[in-house]
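These notes concern the structure reproduced below.
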Amino acid sequence: MAFSTPTLHPLRRLWRYARGYRGDVVLAVLFSILNKIFDLAPPVLIGMAVDVVVNREDSFLAGLGVVDVDAQLLALGVLTLVLWALESVFEYLYQVKWRNLAQNIQHELRIDAYDHVQHLELSYFEDRSIGDLIAVLNDDVNQLERFLDVGANDIIQIGTTVLVVGSMFVIMIPEAAWLALLPIPFIIFGSITFQKKLTQRYARVREEVGLIGAMLSNNLSGIAVIKSYTAEKIERNRLAAASDRYRQRNRDAITFSSAFIPLIRMIIVVGFITILVYGGKMALNGELAVGAYSVLVFMTQRLLWPLTRLGATLDLYQRAMASTRRIFDLLDTQPKIRDGHFPLPLEQVRGEIVFDHVHFEYPLKASSDRPVPPTIEDLSLHIPAGHTVALVGPTGAGKSTVVKLLLRFYDVQRGRILLDGIDIRALRVRDLRQAIGLVSQEVYLFHGTVRENIAFGRPGAGMDEIIQAARIAEAHDFIMALPQGYETVVGERGQKLSGGQRQRISLARAVLKDPPILVLDEATSSVDNETEAAIQRSLDVIARNRTTIIIAHRLSTVRNAHRIFVMDRGRIVEQGTHDELLVADGLYAALWQVQTGSRTPIQV
Ligand code: ATP
């Protein structure tokens, strides 16, 4: 969900976003107010009790028709019970409403933001740190949740208290009300200033927490290196130093924050004394009923204390708004890769690929002021449907970039790429990517079973299909030798498997997907000879009847390709079959001779 009004206050944007929950918000606000009103009743009840005892048949309750003193006390008891019960009921209701609202909104916002991020182009992720994105999707969403959980109710209840009690003062002792209300601005000003200073101190504490967190995660994931260098003691001391800084910063914050309540207490006492003395004199002079006097004394406390929380609540509010702004900014980010409208169902894809005078440069980093040569320059190539072609060339030539352009991870700046004669920008991105199976050097396995990791290629595939795919990828045998076979959990990023095993699972996944176009980007570069041979054998099976693009450094793996494109500095410099290219005696022949050991290395 995206909004086109980024200047709107975050609270208003949240209100728009939470369209479906507006009824709940209104009810939650109402319950908070009612709870506070009933919560303010006890001082009034005490005042009425004093009034009954002192004035007996002339009391306020007697004026309402309950003349007998015992009956008045009984009525007071019943009234107390009712008000107390109502307070409890509304306490329950507002808690349930606000807390569920917090849960619903955090859930929807997190999922919406994550889903939105998933659809942003690859360059978006390259320009940002993953840590920042996680902070928005996790911490910022949680911050808003905390505010809705407790902060929103706090603000409403503090407001209700000031309004109700303030009005009572003005009505009951118009001459002295201003005196009782006098401490309010000081308390508000004091607690906000205090909070600001405290926030700075806590920010420094959090900085240290972040550093400790980063250090811990870095060290624990690199524990093997630490052990092999026997660096445990050094690392322990480094952590101890960071932890000590954390303790120091916390000490600063503790000294400061502990002074807050005692200081505020001294401001509150001014209001309290005012009512005590001034109200007392009025009561003595008969200008104020004794019951009313006791109500006012109790009420002063009830009025002033909650204000002390205002600073913390406003801080929570400000943080939540800053977080909300960041979340909506993320939701506002428009994907640069625009979806096309032309449908190309999987069954209809033939797999013919054409690069037509393609020109591409990676987006310049804002900080870079040097002109960067284009990564792909005037590149044209034609891959007939069902052919197996290879892209070879020195490192950095732009081979992987060609694949990224085909998958529309980036859009070309000039020229066009056609799939079955259609410009891929006109196609629905989903259709395009479903037509391509990518096995890259960086294998992505998630924490799950071998079976689940293969089934990632086609969710819902049956066990027999998974096994069949694993057999083609020559993965079945080693999978069966694992402790729990297909149900073996591979560990985070597949770390419980070897590099070659991961690669074969990745290939099985692509086989299961059964795409009309298969791309192997350096799939055999970091595997042992056995795995390479296995992948080679699998390829002979898989490549049949589908367009296959192989990017490889080891030229032996591509010598059987229908056509080999040799790339250098973003251009195709030669093309032909293996034999043709050897005869041509160009870059390919030079690379081949280096790899087969028949010539000394050349600079490429
Ligand atoms: P290798 O054989 O080493 O994998 P390659 O031929 O696949 O190399 P590419 O990965 O396509 O080369 O990279 C081509 C050029 O583009 C390189 O100079 C590289 O530094 C640059 N490049 C690659 N990815 C990015 C990126 N995301 N942002 C900026 N520049 C990039």
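Okay, so the sequence shown: first residue is 118 according to our numbering, each after it adds one. Note that beta-carbon positions come from the ideal geometry of N, C-alpha and C, so glycine has one too. This structure is a prediction, so every number in the text was calculated from the model and none was measured.
Put simply, the backbone Cα of L200 is about 29 Å away from that of A429. Around the C-beta of P490, fewer than 16 other C-beta atoms lie within 10 Å, and the residue is accordingly described as exposed.
Secondary-structure assignment with DSSP links S557 through a beta bridge to D638. The alpha-carbon separation between L433 and E243 amounts to approximately 32 Å.
Boundaries cannot be given for H670, as no beta strand (DSSP E) includes it and DSSP labels it neither H nor E. A direct Cα-to-Cα measurement between L380 and S338 gives close to 47 Å. T665 is bridged by DSSP to T505 and L635.
Of the heavy atoms belonging to the ligand ATP, at least one sits nearer than 8 Å to the Cβ of G687. Assigned with DSSP and collapsed to three states, H499 falls in strand. The count of Cβ pairs closer than 8 Å, one atom from the stretch 562 to 572 and one from the stretch 502 to 521, stays below three, leaving the stretches out of contact. In this chain, the beta strand (DSSP E) harbouring Q692 covers R688 to G693. Around the beta carbon of M580, fewer than 16 other beta carbons sit within 10 angstroms, so the residue counts as exposed. The DSSP-derived three-state label of D528 is coil.
Remark: the shortest separation between the CB of L239 and any heavy atom of the ligand ATP falls under 8 Å. Using a Cβ-Cβ distance cut-off of 8 Å, the stretch 263 to 272 and the stretch 363 to 380 are not in contact, since fewer than three pairs of beta carbons, one from each stretch, lie closer than that value. Residue state for R455 is assigned as coil, using DSSP reduced to three classes.
S308 is classed as buried because its beta carbon has at least 16 other beta carbons within 10 Å across all chains shown.
CA-CA distance, Q465 to V475, rounds to 25 Å. F148 counts as buried, since at least 16 other C-beta atoms from the protein chains shown sit within 10 angstroms of its C-beta. For the options L413, M597 and D449, the alpha carbon positioned closest to that of I288 is the one of L413. Judged by their CB atoms, S557 and D631 are not nearer to each other than the 9 Å cut-off. By the criterion of a C-beta distance shorter than 6 Å, F286 is surrounded in its chain by A294 and A297, once the five residues flanking it on both sides are discounted.
Excluding sequence positions up to five before and after V171, its CB lies within less than 6 Å of the CB of V407, all in the same chain and listed in chain order. Rounded to the nearest whole angstrom, the C-alpha separation of V161 and R362 is 51 Å.
Within the same chain, L193 come within 7 Å of A166 by CB-CB distance, once the 5 residues on both sides are set aside. Cβ-Cβ distances below 6 Å link L447 to A230 and V253 in the same chain, with the five nearest sequence neighbours on each side left out; the list follows chain order. With respect to A669, L629 sits apart: the two C-beta atoms are not nearer than 9 Å. In the displayed model, H236 falls within coil according to three-state DSSP, outside both helix and strand. The Cβ-Cβ distance between I470 and I500 falls below 9 Å. Taking 8 Å as the cut-off, one finds no heavy atom of the ligand ATP near enough to the beta carbon of Y705. The beta-carbon separation of F682 and V506, rounded to 6 Å, stays under the 8 Å limit for a contact.
Proximity of the beta carbon of H564 to the ligand ATP is not indicated: no heavy atom of the ligand is located closer than 8 Å. For K453, the Cβ stays outside the 8 Å cut-off from all heavy atoms of the ligand ATP.
Judged by pairs of C-beta atoms under 8 Å, the stretch 326 to 343 does not touch the stretch 415 to 423, as fewer than three such pairs exist. Looking at A572, R525 and F155, the one whose alpha-carbon comes closest to that of Y479 is R525. In the DSSP secondary-structure assignment, R680 is bridged to V506.
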